[in-house]
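The listed protein sequences correspond, in order, to chains A and B. Going by this note's numbering, the first residue of the first sequence is number 74, and it counts up by one from there. Going by this note's numbering, the first residue of the second sequence is number 702, and it counts up by one from there. In this text, a Cβ means the ideal position worked out from N, Cα and C, and glycines have one as well. Since the structure is predicted, the reported quantities are computational estimates derived from the model, not experimental observations. Below is one structure, written out as structure tokens; comments come after it.
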Amino acid sequence: MLEILLIPLVITFLAPLMRPKLATAVSAISFLIPFVYTIYGLAENLVVKQPIIDIVKPIGEFYILGDQISFSFALAICLVSAMVALYSLPYMAHRFEEMGREFESEYRKYIFFYDLYATSMLWLVFSGNFIMLYIFLEISLLASFLLIYMYGYGDRRKVATLYFIWTHIAGMLALIGFLLVASTNGSLAFDSIAKIGFTAWLLIFLGMIIKLPGLGPHVWLPWAHAEAPTPVSALLSPLTVGLGAYVILRAYLISPWFIKKFMVPIFIYGVVSSIYAGFMVFRQNDYKRLLAFSTISQMGYCLIAFCLGTYGIMAVIIQYISHAFGKAILFMTAGGIIANYHGLRDITKMGGMHEYVPTISNAALLGFMNLGGILTVGMFGEFFILKGLVDTFGFDVSAILAVIFVFIISGLYSFYTFKRIYCGKPAGYEKVKVNRLLDTPLFVIGVISILFIFPPLAAILLNALKAGVAKILLLGGVAP
Amino acid sequence: MNWEIVLLFVAPVICSLPIAFFWVKEPGSERARKLPILSVFGLFISFLIAIHILLTYPNGTYTIPWLPDYNLNFVFIFDYLSKYMGALTAFIAFMIGLYGLEYMKHDYRLGWYWFFFNMFTASMLLVVYSDNLLMLLIGWEGLGLASWGLIGHWFRDDDEIAYVGIVGRKVGPLKMYWPPSYGGWRAISTIRVGDMPMFFAVAAIYALTGNLNISQIHWGALFSKIGAVGTLFLMICFLMGPFTKSAQLPFSEWLMTAMTGPTTVSALLHSATMVAAGTYLFIRISWYIHPWALHSVPGVEMLYYFVLLLGLISALYGASVAIGCLERKVLLAASTMSSLGLMFGCAAASYWFGKLALIVAFWYLLTHAFAKATLFLVAGHLIHATHDRFCCGDLNLAKKMKTAFVATIIATIALGGLPPLTAYWVKAGMDGIMHHLVEMVGSLPLDLLILTSLLYSAFLAKFLSLNFWKGDKYHLHLHGEKLMPFAYACVVSMVFLLLYRIVTGTDPLVERHLLEFGLEKGSLIVGLGVTATYLFALVVPRIKALSPIGTFLGDRMYLPALNDFIVPSIGWAISKLIEYTHRAIDWFCHFGLPEFMLSVSKRIRSIQVGYLRVYMKIALAFVMAVIVVSMLGWL
């Protein structure tokens, strides 16, 4: 297990020494190997615990924890990271040219931070200790901050700082929460925490609400996700923000009382966040900013799902995967248009883009299907949310209608956006030949997301989730 | 058996992949234009398998493991309904596929077209044969997606022939014309509104019973458990799916603008897939709910009464709209809505009348599918030949397009309910059922049915008359089509097969029931009335004096306002409000707060200037403050 995780870490430091093409290929492979392993792990229902180092009280043991939940999150992280790595090559070539920088030397810097960013997220989901988790959270923040700072769009330095401050507040709040947990339990290893107290829970929750983000603290996200270089957006939005849900999920599995006690307000908060952001999507004219708002809306699903018992928890995980696939594809489509049409992001200047970039348009359809949960793995996410809803609230008409409305909104803005950008009278551009690396990775993700509703992949994922989540929750909420 | 079932759904999709990929690589090349034959071959495979299933498979279910841990599996059901419906779908799809080879020959986006066309068929077959509701939802979502893709097929919006409505016409704030991209959006948005409640209902059924196999769920026990209000809520949520897919009021608008798609798509959409899926599903679940045995369960009667009225009112609305329509395809679309309403109404009558009502509704579905597919295919041929969406043509045209002319005559008579062709017997069955209902629920259903039937035959005659006899002037461009007439000739001939089964009483479930209904006095009177209106409308297809009413009806009684004005206006108002809120938060966090902090910092820094007098002042102020506080304390 540890060896598998070391591969991307080692490659992170080796890749900058290679030529760009080789570095890209090697980085992609270094994420595909753990991807295959995660599927194997899910299929075999593996639960791995591998100690790394035992630190003094109250920090406790650092260990690698590979259970069904880690594997499910890692599945999305590995696939998306690998595909976006491939996509980076042509995209960053375009970006460096636009910025007037020399390609090869810049790319070495870029690929290092990119790999570091992705690897830290991968390690985060396999961390068996809150401090270890926090360290990787901050590494991923630093790496992504630098990527935005160096290669972002618009007022990139300001945006990067803004992103850094917000996420750092989130990290700090969580850290204080973790330390409080440490002071009462004497350890931060998942398996030796008995209970998380109120203040600690509140701080962790608030921190992760900023990261997730919920309504209110969400204001940083449209800036950061829209102005980051597109491959970074394609990691930030699909993977990083959802890790907020992962942290809450881990805390929940250890000590679920907080979410259970404040179930109704959190549920309402999730619904309001999701609907709020859903309506905002309709009014955006910047493709990437639009996608950023849709991320907020989708993360509202996770907040809703947290309140819905066992099936809700499974829905959180599926929703993370489905959103990761969908949003990665969509950000890459936005980037495809940017790279081919010299920074074209304004939707009012688009229309009938299917005429010019048919492959990208088709990929965008796959992305929007993922958001709407149509014929993709997201379908199970929605199904489990609805089942959890009935399990938890019974036939509470207002709760049911609210969730149905949330689902309707995401379907509507998906296809409305598709219509605005890709259908209608062609806007009068030249047809271009799209670099294969700018569209093929999108289809790989899209096809895999569809395969996940059919056997055998559907059975592998969902059976493992049932075994993992249900077992932990039935045992009274102690992580392995 | 295993591979055959899988192949039934997979073959069309797999066979359409070559063109889908190749078209991206070489759009419009000669080689790419040959590949659609392969797609049609895929449809042909499905057709053969469906026929094989119809003829040889025993009734029962067949399971392929999917998520056994959750008690969710791919369960295929082979019973009376699915066998007939599957064969019907596969046959019509194959025939339309053949027709499409010629009709879409010069299209600019064949990869997209064939992929979604075949996916459409495969999805419908999945809906037809599935017993598991979650698996059915895969097909259901596939139908929605494929219909969106096909309705908006001509995404460029550059050809007037693909629009619905008169381009440029406005009524108040409403634009009364719709381009293809808008048609697609309307379809998917309406369907989404129905699918999500349905999805909830499926999840709720799963949560309450732990089982999603339609034939295994104990519906009666489920309904008793959740009570009358629960039953109504659950089932209306569930039926929102069928209602939107089958375009019942007030969700009918998308179906009218679905005519922006290629005619082949309209033909498939309106006969055997998509819209039929809604009614089919309602018939299928009623088949296993056994509503006629649930008279003691509260809520069920109310539910079926609601569906009965909704169906019949939608039927009347659709028929009235069709009376006022002058566009070939929109007229047929409105008539489809009307037929679907009749199917819903008739199927809902099963609560009072028993299973035979479902069988009659199903037979109406079959008859309608063949006849409507024929009419659409003829309409497509006419549009091709005259380059006009609106009804036009005269006897000269009829002479030149004999097959189309004859097919239209047969289809209109067979569908309109003129004795002694197919729909007469089926509609006689409906008359009989509604007559039976008079004692239980009053005469309203019967009145609605008869009124709808009269209007129905009138606009079918109008369609025939305005296209082949008394229509406007036209320009004819025949291209020597062979496959197109062949396809609709084949499809229309199937109404005779149905007729044969009805008249001879050889069908195992229909037996001689329809024959008996048809020979009753009441049915004969209605049949004569229908014939009279048909003949009248044939001779007088347009009445000038009534044209204001015609415009009102043809504008669909201004129901488009709901989709195009009322709902969007509310949505935009909310989103505007939300945007202002967002801007306020954004301004506060990213401008207001930093600026405030900056100014505070500036103030504080201004103290640190190094002059002694400033520090003296501060010290003095402190002393003063201490004195004031201690004075207050002393007082």
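*In the DSSP assignment, find the unbroken beta strand (DSSP E) run with B/M993 in it and report its ends.*
It is Trp, not Met, that sits at residue 993 of chain B in the sequence shown. Here B/W993 belongs to no beta strand (DSSP E), and DSSP marks it neither H nor E.
*What is the rounded straight-line gap between the Cα of A/F398 and the Cα of B/L1200?*
Distance between A/F398 and B/L1200, taken at the CA atoms: about 52 angstroms.
*Evaluate A/W293 with the Cβ neighbour count: other Cβ atoms within 10 Å of its Cβ, from every protein chain shown; 16 or more gives buried, anything less gives exposed.*
buried
*Report yes or no: is there a C-beta of chain A within less than 9 angstroms of the C-beta of B/K1277?*
At a cut-off of 9 angstroms, the C-beta of B/K1277 has a neighbouring C-beta in chain A.
*Check the Cβ of A/G425 against every Cβ in chain B and list those closer than 7 angstroms, keeping chain order.*
Result: F856 and R857.
*Evaluate the contact criterion for the region 171 to 178 of chain A versus the region 525 to 543 of chain A: three or more CB pairs, one atom per stretch, below 8 angstroms.*
no
*Pairwise C-alpha distance: B/G884 and A/M245*: 50 angstroms
*Along chain D, which residues have their Cβ under 8 angstroms away from the Cβ of A/C375?*
In the structure shown, chain D cannot be found, because the protein chains are A and B.
*Could you tell me the boundaries of the beta strand (DSSP E) in which B/W767 lies?*
G761 to L768
*asked:* Please identify, using Cβ separations under 7 angstroms, the residues of the region 353 to 364 of chain A that lie next to chain B, in order along the chain.
replied: For the region 353 to 364 of chain A, which is checked against every Cβ of chain B, the residues closer than 7 angstroms are M353, F355 and R356.
*Note the first and the last residue of the continuous beta strand (DSSP E) segment covering A/P124.*
V121 to D127
*Check whether the Cβ of A/K544 lies closer than 9 angstroms to any Cβ atom in chain B.*
no
*asked:* Please state whether the Cβ-Cβ distance between A/Y349 and A/M426 is less than 9 angstroms.
replied: no
*Count the other CB atoms within 10 Å of the CB of A/G549; is the residue buried (16 or more) or exposed (fewer)?*
With a pLDDT of 46 at A/G549, under the threshold of 50, the predicted position of this residue should be treated as unreliable, though the coordinate-derived value follows. That one is exposed.
*Return the CA-CA distance between B/A847 and B/Y1052, expressed in angstroms with no decimal places.*
34 angstroms
*At what residues does the beta strand (DSSP E) containing A/L138 begin and finish?*
E134 to G139
*DSSP state of B/N774, grouped into three classes?*
strand
_Classification of A/A552 by the beta-carbon crowding that lies within 10 angstroms, buried from 16 upward_ = At A/A552, the pLDDT of 41 sits below 50, so the modelled position is not reliable; the number obtained from the coordinates is stated separately. With at least 16 other beta carbons inside 10 angstroms of its own, A/A552 counts as buried.
_Three-state class that DSSP yields for A/A301 in the structure shown_ = Residue state, collapsed to three classes: coil.
*In three-state DSSP terms, what is B/K806?*
coil
*Going by C-alpha distance, which of B/E1221, B/D1287, B/T1068 and B/F952 is nearest B/T891?*
B/F952
_Taking the alpha-carbon of B/F1054 as reference, which of B/A1072, B/G1025 and B/P992 has the nearest alpha-carbon?_
B/P992
*Residues near B/L851 in its chain [Cβ-Cβ closer than 6 angstroms; skip 5 each side]*: F817, G962 and V966
*asked:* Using beta carbons (cut-off 9 angstroms, strictly below), is A/K539 in contact with chain B?
replied: yes
_Start-to-end residues for the alpha helix (DSSP H) that takes in B/H753_ = P737 to T757
_I'd like the span of the alpha helix (DSSP H) that includes A/Q392, first residue to last._
G382 to N413
*Taking C-alpha atoms, which residue in A/Y393, A/A88 and A/Q141 lies nearest to A/V542?*
A/Q141
*Report the neighbours of B/S882 on chain A: residues whose CB is nearer than 7 angstroms to its CB, in chain order.*
Correct list: K492, C496 and G497.
*Quick one: list the residues of chain B neighbouring A/P528, beta-carbon separation under 9 angstroms, in chain order.*
Contact annotation for A/P528 against chain B: I765, P766, W767, L768 and F775 [CB-CB distance below 9 angstroms, chain order].
*asked:* Could you tell me the alpha carbon to alpha carbon distance between B/T932 and A/G467, rounded to whole angstroms?
replied: 13 angstroms
_I'd like the span of the alpha helix (DSSP H) that includes B/C716, first residue to last._
N703 to K726
*Taking the DSSP output, what are the residues bridged to A/K506?*
None, per the DSSP bridge assignment.
_CA nearest to the CA of B/I889, picked from A/F404, A/L148, A/M442 and A/F146_ = A/M442
*Under 7 angstroms between beta-carbons, which chain B residues line up against A/I477? List them in chain order, please.*
M897, P898 and F901
*Give me the Cα-Cα distance between B/F742 and A/H298, rounded to the nearest whole angstrom.*
47 angstroms
_So, with DSSP's three-state summary, where would you put B/W879?_
strand
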